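Below: the structure, in structure tokens.
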Amino acid sequence: RKEVEQDPGPFNVPEGATVAFNCTYSNSASQSFFWYRQDCRKEPKLLMSVYSSGNEDGRFTAQLNRASQYISLLIRDSKLSDSATYLCVVNPRSYKYIFGTGTRLKVLA
Amino acid sequence: NAGVTQTPKFRILKIGQSMTLQCTQDMNHNYMYWYRQDPGMGLKLIYYSVGAGITDKGEVPNGYNVSRSTTEDFPLRLELAAPSQTSVYFCASSSEGGLETQYFGPGTRLLVL
Chain A
438 RKEVEQDPGP FNVPEGATVA FNCTYSNSAS QSFFWYRQDC RKEPKLLMSV
488 YSSGNEDGRF TAQLNRASQY ISLLIRDSKL SDSATYLCVV NPRSYKYIFG
538 TGTRLKVLA
Chain B
-3 NAGVTQTPKF RILKIGQSMT LQCTQDMNHN YMYWYRQDPG MGLKLIYYSV
47 GAGITDKGEV PNGYNVSRST TEDFPLRLEL AAPSQTSVYF CASSSEGGLE
97 TQYFGPGTRL LVL
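Protein chains in written order, with the numbering used here: chain A, 438 to 546; chain B, -3 to 109.
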């Protein structure tokens, strides 16, 4: 089983739609979680950290479910500019970060 | 407001050549990382460093070497380039290893022919 798994997509959604991605992780001792956004041929950039109580930043909501070992990202009112690959990142209780392969989102006009 | 810088942006190497990918950060971060990203794949850790003078191997270290003589710089050396090393290389840094945001450089695209 991979340490971090994501559905690669692509998710094709119309503008204004709500879309959700899940990411599962295998190490139950993992202690920090992040969602990064990566545009084509660019470096990953932090979208948001994921806290135990869940957190929201504008149209984006992140949730953590430790019992089932997954994190989720919800995007409301999708914009064309949200089209990107979304990377799930997990820290398995070390100095390192483990990256998922990413979920590709395409928002259609 | 430089953050993490990488040079070169793009390079073509012949099989067997060597090169050094440069990475510099100006945020005084202790932790620095080198990743490679192949098309459609996630980032794979090559080497990392928890401070000046301290480096350690990641998942895919073979064919690469690093050094960390200063807090700011973390160069990655490719010896005897092979086609399998064709990839995009990202350098990153963070203030706390594993717990805090990683900041990435813009990447170096390497093609080995």
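Beta carbons: idealized from backbone N, C-alpha and C, even for Gly.
Just so we're clear, the structure is a prediction, and the values are computed from it rather than from any experiment.
Looking from the CA of Gly12/B, the closest CA among Ser90/B, Gln98/B and Gln81/B belongs to Gln81/B. Between Tyr488/A and Val526/A, the gap from beta carbon to beta carbon reaches 8 Å or more. Cβ contact annotation for Leu17/B (same chain, cutoff 6 Å, sequence separation greater than five): Leu72, Tyr85 and Thr104, in chain order. With a 10 Å radius around the Cβ and a threshold of 16 neighbouring Cβ atoms, Gln21/B comes out buried.
Contact annotation for Tyr44/B against chain A: Tyr532 and Lys533 [CB-CB distance below 7 Å, chain order].
Judged by DSSP secondary structure, Asp69/B falls outside any beta strand (DSSP E); it is assigned neither H nor E. If you check the CB distance, Thr540/A and Asp444/A come in under 8 Å. Annotation for Pro451/A: the continuous beta strand (DSSP E) segment containing it runs Phe448 to Pro451. Note on geometry: alpha-carbon atoms of Ile50/B and Ser515/A lie some 44 Å from one another. Between Glu442/A and chain B, the shortest Cβ-Cβ separation is not below 8 Å. Rounded to the nearest whole angstrom, the CA to CA distance from Gln2/B to Phe70/B is 10 Å.
One Cα belongs to Tyr43/B, the other to Val456/A, and the distance between them is close to 35 Å. Contact with chain B is found for Ser469/A, since one of that chain's Cβ atoms lies less than 8 Å from the residue's Cβ. The straight-line gap separating the alpha-carbon atoms of Leu39/B and Arg32/B is approximately 6 Å.
Residue burial is scored here from C-beta neighbours: Arg64/B has at least 16 other C-beta atoms within 10 angstroms and is therefore classed as buried.
With 16 or more other CB atoms across the displayed protein chains lying within 10 angstroms of its CB, Ile508/A is buried. For the segment 56 to 67 of chain B, the set of positions with a beta-carbon nearer than 9 Å to some beta-carbon of chain A is empty. About 6 Å separates the beta carbon of Tyr27/B from that of Tyr532/A, a gap short enough to meet the 8 Å contact definition.
Residue burial annotation: Ala504/A is exposed, with fewer than 16 other C-beta atoms found within 10 angstroms of its C-beta.
DSSP lists Gly47/B as the beta-bridge partner residues of Ile50/B. Burial is judged here by how many other beta carbons sit within 10 angstroms of a residue's own beta carbon; Met37/B has fewer than 16 and is exposed.
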